Amino acid sequence: MAGWIPEETLSEIRSASDIVDVVSEVVILKRAGRNFIGLCPFHAEKTPSFTVSPEKQIFYCFGCGAGGNIFTFLMKYHGITFFEAVTALADRSGVSLPEKSVSSAQRRQKTNRERILEINRVAMEYYHRHLLDKAHGRAARQYLHDRGIKDESLEAFAIGYAPRGWDHLISHLNQQRIHLDAAFQSGLIIPGKKRNGGYDRFRNRILFPIRDLGGRVIGFGGRVMDDSLPKYINSPESSVFQKGRSLYGLDRAKVACRRFDAVILVEGYFDVIALHQFGVENVVATLGTGVTGDHIRLLKGFAQRLYFVFDPDAAGLKAVERIVPALVKEDVTARIVTLPEGKDPDAFIREKGPDAFFMLMETAAPAVSFLIESAKARHGLSPSGKSRIVTEMESVLASIDDEISRSIFVKSVAEEIGVPEDLLLKKVSRVREKGTAAKRAERGFTPEGAFSADASEAPLARFEKKILSMMLQYPLMVPEIQKRGILEHFTDDRLKAIGRRILEYRGPSEGLIPELISMVKDPELGERIAHLAAGEDSWNTEGCLKLIRQFERHCDRALRDALNTRIQEAQKENNRALVDALLKEKQKMLHKRD
Ligand SMILES: [Zn+2]
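For reference, each letter of the sequence shown is one residue, going 469 to 1062 in my numbering.
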C-alpha cells in the first residue's frame, strides 16, 4: 500500500476491525448462510443484493457492482479519503498510527477535517458552558424551560447558548491559542473586512449541535429567542457538514430506529427533543432543507418503516410531492403523519401524550394516498374538482422514474378519483416527455452500471475470471497456478494484473482479499476483485485441477488454431522454411500435454 502507512499497521487495523460491525452501522444486515445481506446503500433496490462476507472481510453488491474491503466501504459511503478511513478505523479499534509515517500533505489533509471537527467540539463545549452559567445563561435557560425542555435534555443534547456580542467565540479561541483557520472553515466565524478579522456567526441564539453518526459535531443550528428573523440559522456547508445528507438526532436515534424498525422524521430540533422527553427516541429532523433522496436512503438503512411528520399546509403538501419520486426509487413507503390544527409534534405530544401520537402514526397514509386524499378533500369529486385533482397529481406521477411503478400508481389514482386510467396515463406521459427533455438538456445523459458484467464478453475472459475467483476463494491452488504459468495465457491485462498480485502476496491467507483490494489503487479494480471474491462457489482441489486443465486445453486449442492459420498462410506464400518451423512448433506443443 501507499508508503506512508506501514503494511503492518494496516493489517493490524484490519484484523482489529470487523467489516460486518462497520457496515451494520448504516445498513441493516441479515445473516444468509456464511454471509450477511442487506439493501445496498449505493443504489436503489427492492431486494437485497448487497453482500458482506465476514470470512473474506469484503462487501459486494450483485446489483450495482460496488465492492471492496472495510476501508473502501467507509470511503465510498462517507465520501472520505483512504487516509480518513484508516484514521477512523484506527481510532475505533484503538490502533495508533505511527506519526512519522504520515507525510505533511496527508497530515494537512487529516488535520483540515479533524480540525474543523475539533473546533466544533470546542465551540460546543464553550456554548454549552455559557448556557449553564448562572448569570450569562439565565435568559436562555428560561426560554428553553418555557418551551418545555428539561434540564437533562440540555445535557443530553449538549444545547448551548451563544452570547450577545461579536467576538466572544473569537476571544475564547484566542485564549486557548487555537488557530482561527478551522473556525472560518466551519463557519463559526465569518471573515470581516479587517485583515485577520472576523466575527461570531452565532450571537444571542440557542445552539443545537448537529452530530454525525459517530457523535462528532459537524455543525450547529441556532435559534433566536424572540420573534426576530431569521428564526434559525445553520452552520454553512463544509467538508464535514452537508445538510442534504445529515439529520439532527440520528446519532441518538439509531439504536431505537433499529429496535422498532421505524423512524419518525420531523421538522424541528424542539420536536426531536420533546419526543425524546416522552420516551419516543426513534426520531430525527431535517436541517431546514427538504427531505432529500440521500436522507431517505440513509433512513432506509436504519428502519423499514418511515413516518414523516408534515404540516398539512401548502408547504407540507409540496414537501410530500417532492419526496414521492425518491420514495418510489428507493422502494420505501413513507407514511405521512399530519397533526390536527396544524400543531407541531412538540406541542401535540405535550398536550395529548405519546399514545395519541402513536395512534396518528398507525392511521397515517402512504405518501401518494395522502396526496390523493388531500386533493379530494380540497377539490371534491365534481367534474371540475376531478380535473383539478388530475392537474395536481399528474406532475407527481410523472416524477416517478420506474415505468412499472408509475403505471401502478396511475391506475390507483385513476380508480381512486374515478377517471379513465388511459386518460390519466396519457396526461402523465405528456408531462413526462416535457420533463425528461428538459432534464436531458440540463445535465446530459450518463449511462449507469457501466461496469456490470456483460453477457457478450469472450469465453476466455470468463475462464480467466473463474480462475481468479478460485485463486481468491481457494488460495491452496495458488502454487499450482504459478507452477503451470497459467497467468501467462491470460488475454485480459487487468485480470492478469490481479493474478500477479495474488502470486506476489505473502501474508496470511485470511488477509489476502482485503489486502489485495488495498494494494490496488484503482477503485474499479478493487471492485472487480471484490466481485471475483464474493461468489459462494464451493471449491475442492479436484474441481480446481479440472478447471485448470480445462483452461489449458482451451488455451492450447486457441494456440493450435492460431498456428494452423499461420501455417496455412505460410503455405499459401510458399514459404517452406516457415512452414517447417511452424509444424515443428505444433509438434512440440502436441507432445507437451496429453
Ligand atoms: Zn448496489
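Backbone N, C-alpha and C define an ideal beta-carbon position, used for all residues, glycine too.
Quantities reported herein were computed from a predicted structural model and do not represent experimental measurements.
Per-residue burial, residue i [other beta carbons within 10 Å of its own, 16 or more giving buried]
{"i": "residue 1131", "result": "Here the chain has residues from 469 to 1062 only, and residue 1131 is not among them."}
{"i": "residue 581", "result": "buried"}
{"i": "residue 894", "result": "exposed"}
{"i": "residue 723", "result": "exposed"}
{"i": "residue 944", "result": "exposed"}
{"i": "residue 523", "result": "exposed"}
{"i": "residue 1059", "result": "exposed"}
{"i": "residue 631", "result": "buried"}
{"i": "residue 972", "result": "exposed"}
{"i": "residue 675", "result": "buried"}
{"i": "residue 883", "result": "exposed"}
{"i": "residue 938", "result": "buried"}
{"i": "residue 831", "result": "exposed"}
{"i": "residue 877", "result": "buried"}
{"i": "residue 909", "result": "Low confidence applies to residue 909: its pLDDT is 49, below 50, so where it sits in the model is not reliable, and the reading given next is rough at best. Exposed."}
{"i": "residue 862", "result": "buried"}
{"i": "residue 476", "result": "exposed"}
{"i": "residue 1010", "result": "exposed"}
{"i": "residue 931", "result": "buried"}
{"i": "residue 874", "result": "buried"}
{"i": "residue 592", "result": "buried"}
{"i": "residue 902", "result": "exposed"}
Strand pairing of residue i, partner residues [DSSP]
{"i": "residue 773", "result": "730"}
{"i": "residue 630", "result": "673"}
{"i": "residue 805", "result": "777"}
{"i": "residue 411", "result": "Absent from the structure is residue 411, since the part of the chain shown begins at 469 and ends at 1062."}
{"i": "residue 518", "result": "506, 529"}
{"i": "residue 1032", "result": "Answer by DSSP bridge pairing: none, since residue 1032 is not bridged."}
{"i": "residue 706", "result": "709"}
{"i": "residue 498", "result": "505"}
{"i": "residue 896", "result": "Residue 896 pairs with nothing; no bridge assigned."}
{"i": "residue 679", "result": "685"}
{"i": "residue 701", "result": "690"}
{"i": "residue 488", "result": "According to DSSP, residue 488 bridges with nothing at all."}
{"i": "residue 737", "result": "None, per the DSSP bridge assignment."}
{"i": "residue 752", "result": "733"}
{"i": "residue 834", "result": "803"}
{"i": "residue 659", "result": "666"}
heavy atom of ligand 1 below 8 Å from residue i C-beta
{"i": "residue 521", "result": "no"}
{"i": "residue 534", "result": "yes"}
{"i": "residue 999", "result": "no"}
{"i": "residue 564", "result": "no"}
{"i": "residue 511", "result": "yes"}
{"i": "residue 529", "result": "yes"}
{"i": "residue 504", "result": "no"}
{"i": "residue 1023", "result": "no"}
{"i": "residue 508", "result": "yes"}
{"i": "residue 517", "result": "yes"}
Okay, do the stretch 541–561 and the stretch 799–815 touch, 3+ Cβ pairs below 8 Å being the bar? These segments do not touch.
Would you say the stretch 673–686 touches the stretch 634–645, given that touching needs at least three Cβ pairs under 8 Å? Contact between the stretch 673–686 and the stretch 634–645 is absent: fewer than three C-beta pairs spanning the two stretches fall below 8 Å.
Just list the alpha helix (DSSP H) runs in the stretch 524–554, keeping only unbroken ones of 4 residues or longer that don't cross its boundaries, in chain order. Correct list: 538–546.
Entirely enclosed alpha helix (DSSP H) segments - the stretch 782–829, minimum 4 residues: DSSP runs (the alpha helix (DSSP H)) wholly in the stretch 782–829: 782–797.
Determine, using beta-carbon pairs with one atom in the stretch 724–739 and one in the stretch 592–606, whether at least three such pairs fall under 8 Å. The stretch 724–739, when compared against the stretch 592–606, does not touch it at the 8 Å Cβ threshold.
Any alpha helix (DSSP H) of 4 or more consecutive residues that is wholly inside the stretch 585–657: Runs of the alpha helix (DSSP H) inside the stretch 585–657: 606–614, 619–624, 636–643, 649–654.
For the structure I just gave you, are there three or more beta carbon pairs, one from the stretch 613–625 and one from the stretch 546–556, closer than 8 Å? The stretch 613–625, when compared against the stretch 546–556, does not touch it at the 8 Å Cβ threshold.
I'd like to know if the stretch 953–969 and the stretch 895–904 are in contact, where contact means that at least 3 CB-CB pairs between them fall below 8 Å. Cβ pair count under 8 Å is below three, so no.
Under 8 Å: do the stretch 711–723 and the stretch 779–797 share three or more Cβ pairs, one atom per stretch? The stretch 711–723 is not in contact with the stretch 779–797.
Using 8 Å as the cut-off, can you tell me whether the stretch 652–667 makes contact with the stretch 623–638, which would need three or more C-beta pairs spanning the two stretches below that distance? Cβ pair count under 8 Å is three or more, so yes.
Is it true that the stretch 951–959 meets the stretch 1012–1024, where meeting means three or more beta-carbon pairs spaced less than 8 Å apart? Under the three-pair Cβ rule at 8 Å, the stretch 951–959 counts as touching the stretch 1012–1024.
Contact between the stretch 976–996 and the stretch 1041–1048 (3+ Cβ pairs under 8 Å): With a cut-off of 8 Å on Cβ pairs, the stretch 976–996 is not in contact with the stretch 1041–1048, counting fewer than three such pairs.
The stretch 769–780 / the stretch 854–873 touching (three or more Cβ pairs under 8 Å): Contact between the stretch 769–780 and the stretch 854–873 is absent: fewer than 3 CB-CB pairs across the two stretches fall below 8 Å.
In chain order, each alpha helix (DSSP H) run of at least 4 residues that lies wholly inside the stretch 850–881: Those alpha helix (DSSP H) runs which fall completely within the stretch 850–881 and span 4+ residues are 851–866.
Can you check the stretch 932–992 for any alpha helix (DSSP H) of at least 4 residues that lies completely inside it and give the ranges in chain order? You should have 946–951, 961–972, 980–987.
Should the stretch 816–826 be regarded as contacting the stretch 782–791, the criterion being three or more beta carbon pairs within less than 8 Å? Not touching, per the Cβ criterion.
Counting Cβ pairs closer than 8 Å, one from the stretch 483–503 and one from the stretch 773–782, do we hit at least three? In short, these stretches do not touch, since the Cβ pair count stays below three.
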